[in-house]
Structures are given as structure tokens and as C-alpha cells.
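Q:
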Amino acid sequence: MDAIASEAPPAAKIEQVEIKPAKPQGLLQFTIDRSDQVNTETTGISPDIAICKDCLNDLKHQPHRIDYPLINCTNCGPRFSIIKELPYDRDKTTMEKFEMCTVCREEYTDPANRRFHAQPVACNHCGPSFTLTIRQGKVAPKSLKEDLSSEVEGDHQIVNNLSAIIEKTRQLLMKGEVILTKGQGGYHLMADAFNHDAVNKIRTIKHRDHKPLAVMFRNIAAASEYAHLINKEKEILESWRRPIVLCKQKKQINSLINEGIETLGIMLPYMPFHHLLFKKLETPAIVLTSGNFSDEPIARTDEEAKRKFQELIPASIFYNREIYNRLDDSVGRIIYNEFRLIRRSRAYVPTMIKLPFKVDEIFAAGAEMKNTFCLGKGNKAIMSQHIGDLKNFETFQFYKSNIERFKELFRVEPKIVACDLHPDYHSTNHSEDWSEQQNLDIEKIQHHHAHLASVMAEHGMDEKIIGISLDGTGYGTDGHSWGGEFMIADLQDFERAYHFEYVPLPGGDKANKEPWRMALAYLYNAYGEKLVELPLPFIENTGNKKLTDITSILTLAKDLPLTSSCGRLFDAVAALLGICHENNYDGQAAMMLETIIENDPGDHYPFTNHEKSISFTKTIMKIIRDLLNGVSKATISAKFHNTVAWACFETAMKLKRQTGIEKLVLSGGCFQNKYLTEKCLQLCNEKDFEVYLNKAVPANDGGIALGQLAVAAKRRNSHVS
Ligand code: ZN
Ligand code: ZN
Ligand code: FE
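The number in the working numbering is simply the position in the sequence shown, starting from 1, with 23 added.
Put into C-alpha cells, the structure is as follows:
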């Protein structure tokens, strides 16, 4: 009985052990029976698991699995990515078409074998296999042309022998080519991380100019040369989930990987194929990035991958086991000693999140960007994998079909749909249509309330809290764009106690992408039209045309959209410092502002407390003075971060005095900023507060659905009782 807990396999999650006495039943053998049709109870589905140590060893020694690139056992291998239906038996997965050979079947049916009932079990004789396709002509390495292990089909050369595949792949990577490769949850683009031209090609192919790319290192030792790794990071990198971990860079690999950013997204090999490949590769690191064009979902089928990339990429590595559920690599970062997810997908989904109350038959639609949705079953939340930006047509199609897939797979028929207040989110519109067509109740939940509720749901909290929600944007109950919010909230409702002072959003949505607009809005607040006289490089660089345009907009328009966003405040400061004039990807300005900090100067800028809001006009004026006095940007940035943290701390203290509440919840995209979050926690320490943060779901909009689910459930439960 003890062993069930103490010797559980690494990926096992034991929720509860129940012990009941029973009379001997004369059972002489241990067997696993065929599953009956699954009833309506919640049945967990395992997430995908990185290759285990035993299988790595079998790759070298087990005769029928020498170098078998899809080796797996009960402790490792694909799960959610290949499951079509429950119960989880082989014939309900994409392994269905592969007939087991006698050796595999013997292992599969032997309770003493590590592969007993391992559904994707396979070997070199009976399992799916790899193929490398190279476009003939200029890119095919010479040696290949005489190679007997390849055949020619039209203008393509096809290689089926694994060692030949790996050797050709090595040659192509060394030549600086980009290769399309089938990963566990979707297609990846692969290139030598040290080859400038190759990485540049990836950026061109993906239409992704600036956003940092993730790198797969051969092992921890290689990664340690390029990143300062603390033990906790090593532990996560080597765990069976093998996510991408954002770490502090030690030495730059290649400026094109993470231009202007001092963090590096690192992962370690997780598929057997990755290990086999690195055995032959000279380079210690490859770029491995999702096979998609910016904002589209990761390619899932061979056809999709071919259609998009075949013309652009000279070589592709496929295998003939189908991916059923697509999964990006998950991403996270250690903040305040905990690994916190930023993108929840492979190896985390579809692990359910337990809540302290019923969330049955509720669908939560999520946000617009970084979308995930959530289904409630019993007292569990089933979060979808990362879906992405719903403004993209293909991503929205994936969203809709994935909802159907989750409903079927987990047998949930929602009676309530919960969504954001934002009238233009695709997720909101989809929910409205759905509720109308099927006559379902719809529950709309304010964005920042949902952020805070996501933390409460994760931690099983159901009470009044002080909440701080800092992010880029979210629709407020007054129609303005919120994002620097202090709330007294419980799961049902919230009171907006304080917020960052409103500033105009010159250009509306454009201001979200162009930090220089926000810089002007803040300067205008501080200096009025005199801002043009400031002897700042920022003013010069902005140019007269833009300056007069925007200042006249600011002067004339009384009814510009307003924002209390913390993200936009970060944008403004980044632009003023000349670090980031325009955002090429979401959160760029804030990331660049965080990355330049060298150490904590200890002090902060002044800010002003009004009755219901906090003004940063004085902060901006002092930053300008520091800039003109030649204070380093690193120091200004750190002092600015400290200012926001102090504003959080002082306001939280004020709310604590008013309400007596000691539980403080922090959420929203700004809390992916390690420096800001850790500074806040340092100030709001155990003496004054019990602080709660996101961990299992992202603090960004990828966690919104969980919060929506919890709020909708509480509101319904209160009607019922
Ligand atoms: Zn294994
Ligand atoms: Zn076999
Ligand atoms: Fe948000």
C-alpha cells in the first residue's frame, strides 16, 4: 500500500488512496481488463511524457528497438497528442493502424514488463517510422545522390533508413539549411542555433522578425555554458515535462535568437529522435520553433505542413504516426522560487485543475490573445492547450473545432457559457452565438476580475481578497481600457477600489502596438504642449510630423479612449528611454525594459495618490530629469520598476487597513515580469500579507478561462442555493 505512493512512476498523479477491507476472492493473477465504455465520470487523460531513462537505455541495447526513434513505455511517450477518444486503449489512438509484432505483444501483455499496457508500444519491426524528404537539386548533399538508402520520387529524394536520415539531417543543418520536422504535438522548424543565416531563414519563413526563438540544447552541461542556471531551473528542464524555461543568458549564442533580450528560452531533448539526432550533431544547440506563420496555430498534419512549407524548405522529416491533438511546447519561468507557466500546452494539458466547488457543465471562452478555453466537469477544470490569437482566421477555426473535440473527449455538454465583457473578442462573439442558438445562459466576466479569480481557483480560495491585476489591456465596466487595477474581490464579484490614473490612448488600438504614442500621452499629461521643447532624443526621433499630429489629437479631442493600463505605462517609459519605439510582438517594450536592469538601486520615483487612482505624472517628470542628468537607463528602469512595486504595496496596505483583509492576489500579464513580481513580493512580505500568484496557469491571458469558469460557477451556485 505504501509503494503505491512511494514508488509511483514519475508522471503519475495520485489524488487519493482509499483502503477498504475485503474477503479473499480467490484471484491468483493481476490483470488489466478491457475498459468498459466510459461513463459520465471524469476520466483523466495523461499529458505527453518525455522519453524516460530506461527507454534511453533500451535504445542502445534492446535488439528490436536499437535506435528506434519512437520508443516509449508506460512511463513515457505520447499520450494526449494521440488520443482520439476515451477509454485510453490503443484502438482509440492514432496507433490503431499499427499491428503489434509478437515481441511487442508479449511485452504489452506481461504484467511484469515495463511496457505492460503501454498503448503506443512499438518497435523497429512493427511501429511507425521516419522519412526524410529532400527536394532534389541544389540542396541535396552530394553523398546522398549515390546513397542506396534513398530513392527518388519525382523531384524528391526519399530516405527511410534512420541512420541515413540522421546523417543527412546533420549535413543539411551544418550547411545552414532549415528543416521541417514533425515533433510530438506538431511540426517544428529546425536550424543550427549558431548559424546566423540559418536562423535568419527561419525568421523570414515564419514572418517573425523579432520575437525570441526557443533553443534546444543537447544537455544541461551545454545549456549551462550559455545560461546561468539555478538548481530549480535544471530540475524543471530535466523533468518529464521538459518545458521551455526562460533563463538568464550567460553568453550569447547568436544575436538573431533573442535580440535585445537577456533571457534565453531553453529546452532539452524530449523525443527519442531528438536524442538520436544530438548523438551525431556537432552543434550543442538547435533552434526548434513551432512550424507556423506568426499567429497561426502549429501545423498538425503532414498535408498542412507540406502545404505551408514545402516550397520554402528544402527538407522535411516526417513519421507516420498521426498527431491528433496539437500541442505547442509549454513555456515558463522561475519567479519567486516557483516555476510559473507562461504558455500551458505540451506535457501539462489536459491535466485537470481541482476546485473546491462544482464547476459542472460550464464552458469558459477565454480571452482574445493567448487564448485557452476551459470546460468544467464535477469539481474539475479542464483547460485547453494554448490556442493563440483568435484574430487570426486559422487560429479561430482551431479554437472552434477544439471546443467540439474537448466536449466529446471529456463528455461535457455545457449549460452555461462564460466569456469576457469585451464586445469585440472573437471568444465573446462565439459565446454569444452559442448561447443564442442553444438557449444557454451566458455569464460575462470582467477581464481583470477573471485574472484574479484564476489565482483563487488555482489555490482553492473562495473568500474576499485584495487583488492587484496589472496587464496590457482589458475591457472595463465603464467602457475604457483597464489594466492597472486594485480590487476588493471574491469569486462572485469585485469592487474597483483603485486604479492607475487614466491617460488617453492616442490612436486607440494603435497605441497598444506603438509605445511612442503612450510616451507622448504621458508627456502631454506632465508638460502639455511644451513637451515638444524637451531636449530629449525621444522627441527628436519621433519627428515633427508625428509630434504635431499627436499633440493636436491630445489637445483637441475630449473623447479619446482612456486607459489605466500598467502595460501601456511600461510602453511609455521604454519609448522615453529610447529602448523600444514600436512593439514588434506583444510585451516587447516591457521585456526590453526589464532586461536592461543590472541591479536594484533600492529607491523609487514619486507617484501621487488620488482618491481612487494613482498618478504617475511625477514619476515621468523625474524620469525625464534623470535622463537629462545622464543617469543610466539601467538605473532608471530599475527605479521605475520599484515605483510600480511601491504603488502596489502602499495601495495594498491602504486596502488592508480599510478592510482587514490580509490575502493579496496578484495576476495579469505584467506579473510575468520577474523583477517587478519579486520586488512586489519583497515589499508585500509575510509580515503584512499572504500573497498568492499564478503558477499552474499563466498570469497572462492564457489563464483567463480558468478565472471565468470559477466566477461563473460561483454565481450559478449562489442562484441554486
Ligand atoms: Zn520509457
Ligand atoms: Zn514490435
Ligand atoms: Fe489580461
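Beta carbons: idealized from backbone N, C-alpha and C, even for Gly.
#1: Where does Thr574 land, buried or exposed, given buried means 16+ other C-beta within 10 angstroms?
#2: With DSSP as the reference, label Asn394 as helix, strand or coil.
#3: I'd like the span of the alpha helix (DSSP H) that includes Gly590, first residue to last.
#4: In whole angstroms, give me the CA-to-CA distance for Lys168 and Val201.
#5: If you measure from the CB of Cys149, is any heavy atom of ligand 2 nearer than 6 Å?
#6: So, using beta-carbon positions, are Gln159 and Asp178 closer together than 7 Å?
#7: To the nearest angstrom, how far is it from the Cα of Gly726 to the Cα of Pro379?
#8: Any chance you could list the beta strand (DSSP E) runs of at least 3 consecutive residues sitting entirely within the stretch 701 to 727, in chain order?
#9: So, Leu732 versus Ala387, is the Cβ gap smaller than 7 Å?
#10: How long is the line joining the alpha carbons of Asp501 and His219, rounded to whole angstroms?
#11: Which whole-angstrom value is the C-beta distance of Gln515 and Arg738, which I expect to be below 8 Å?
#12: Whole angstroms are fine: how far does the CA of Glu384 sit from the CA of Tyr698?
#13: What would DSSP say about Thr312, mapped onto helix, strand or coil?
#14: In whole angstroms, what separates the C-alpha of Thr658 from that of Tyr293?
#15: For the beta strand (DSSP E) containing Cys146, list its first residue and its last residue.
#16: Any beta carbon of chain B sitting closer than 7 Å to that of Ile410?
#17: Rounded to whole angstroms, what is the Cα-Cα separation between Arg519 and Glu508?
#18: Quick test of the definition: if touching needs 3 or more C-beta pairs under 8 Å, does the stretch 648 to 663 touch the stretch 532 to 548?
#19: The beta strand (DSSP E) with Glu459 in it runs from where to where?
#20: Given a cut-off of 7 Å on the beta-carbon distance, is the pair Ala45 and Ile37 in contact?
#21: Out of Glu417, Asn394, Gly399, His742, which one is the CA nearest neighbour of Gly411?
#22: What residue ranges within the stretch 205 to 239 form continuous beta strand (DSSP E) runs of no fewer than 3 residues, ordered along the chain?
#23: Looking at C-beta atoms only, is the number of pairs between the stretch 555 to 564 and the stretch 608 to 627 that lie closer than 8 Å three or more?
#24: CA-CA distance, Thr505 and Leu528?
#25: Given a cut-off of 7 Å on the beta-carbon distance, is the pair Ala245 and Ile289 in contact?
#26: I need the straight-line Cα distance from Phe121 to Lys43, nearest angstrom please.
#27: With burial defined as no fewer than 16 other Cβ atoms inside 10 Å of the residue's Cβ, what is the status of Ile637: buried or exposed?
#28: Which ranges would you report for the alpha helix (DSSP H) in the stretch 524 to 579 if only whole runs of at least 4 residues count?
#29: Which value, in whole angstroms, describes the spacing of the CA atoms of Gln39 and Thr66?
#30: Going by alpha carbons, who is nearest to Lys381 out of Thr496, Arg367, Lys569, Lys400?
#31: Between Gly497 and ligand 3, is the CB less than 6 Å from at least one heavy atom?
#32: With a threshold of 6 Å, establish whether the CB of Cys124 neighbours any heavy atom of ligand 2.
#33: Quick one: give me the first and last residue of the beta strand (DSSP E) that Thr496 is part of.
#34: Is the separation between the beta-carbon of Ile267 and that of Pro235 shorter than 7 Å?
#35: Let me confirm a value: Arg680 is counted as buried when at least 16 other C-beta atoms fall within 10 Å, else exposed. Which label applies?
#36: Would the stretch 685 to 692 and the stretch 471 to 482 be scored as touching if the rule is three or more Cβ pairs under 8 Å?
A: Reading it off the structure:
#1: buried
#2: strand
#3: 589 to 599
#4: The predicted model places Lys168 with a pLDDT of 49, which falls under 50 and marks its position as unreliable; any figure quoted below should be read in that light. So the alpha carbons of these two residues sit roughly 20 Å apart.
#5: yes
#6: yes
#7: 18 Å
#8: 713 to 715
#9: yes
#10: 49 Å
#11: 6 Å
#12: 39 Å
#13: strand
#14: 40 Å
#15: Segment: none, Cys146 is in no beta strand (DSSP E) and carries neither H nor E.
#16: No chain B is present in this structure, which holds just one protein chain.
#17: 7 Å
#18: no
#19: Premise fails: Glu459 lies in the alpha helix (DSSP H), 449 to 461, not in any beta strand (DSSP E).
#20: no
#21: Asn394
#22: 210 to 215
#23: no
#24: One point to set straight first is that residue 505 is Trp, not Thr, in the sequence displayed. If I take the Cα positions, the gap works out to 11 Å.
#25: no
#26: 40 Å
#27: buried
#28: 533 to 536, 538 to 550, 560 to 565, 567 to 579
#29: 14 Å
#30: Lys400
#31: yes
#32: yes
#33: 488 to 498
#34: no
#35: exposed
#36: yes
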